[in-house]
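Residue numbers (the working numbering): -4 to 107.
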C-alpha cells in the first residue's frame, strides 16, 4: 500500500462532513489552524502523526480508527485505478470504452 496525501485528506474531509462540522470547528477542536486543515484535506500538506492524533480525537475516534479509514480509502482508490487500467487495456482490443481524458491521464502516468 502506497502513502497518499490525497486519500488522507479525502478521508478526513468525509469524516468531518459526516459529523456535520465545518473546517473551523474541526480545526478548533484539534488545535490546528483552519488553513492547515484545508491544506491537509486538499492533499497539499502531509499531516504528521501528532496532527492525525489530534484530528482523530477531534472526530471522536482513536487514531488507529482514523488510520483504518485512511487505509480503506487508499485500497478503494487503488482498486478503482486498477479497474480503469484494465478497462483501458481492454478498449485497445475492441471499441473504445475509456473516455479520452482518462486515456490521456493513463498515458501520462505510464499505464498505457
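Even for Gly, the Cβ is constructed at its ideal location relative to N, Cα and C.
In angstroms, rounded to a whole number, what distance separates the CA positions of residue i and residue j?
i	j	result
residue 164	residue 67	Nothing in the structure corresponds to residue 164, since the chain is present only between -4 and 107.
residue 53	residue 70	24 Å
residue 32	residue 25	9 Å
residue 9	residue 15	10 Å
residue 51	residue 45	10 Å
residue 59	residue 73	21 Å
residue 30	residue 18	9 Å
Can you give me the Cβ contacts of residue i inside the same chain, cut-off strictly under 7 Å, excluding the 5 residues immediately before and after it?
i	result
residue 1	38
Can you name, in chain order, every residue of its own chain whose Cβ lies under 6 Å from the Cβ of residue i, other than the five neighbours on each side?
i	result
residue 3	65
(message) Quick check for students: name the residue ranges of the alpha helix (DSSP H) that lie wholly in the stretch 4 to 43, counting only runs of 4 or more.
(response) Within the stretch 4 to 43, the complete alpha helix (DSSP H) segments of 4 residues or longer fall at 18 to 25 and 29 to 36, listed in chain order.
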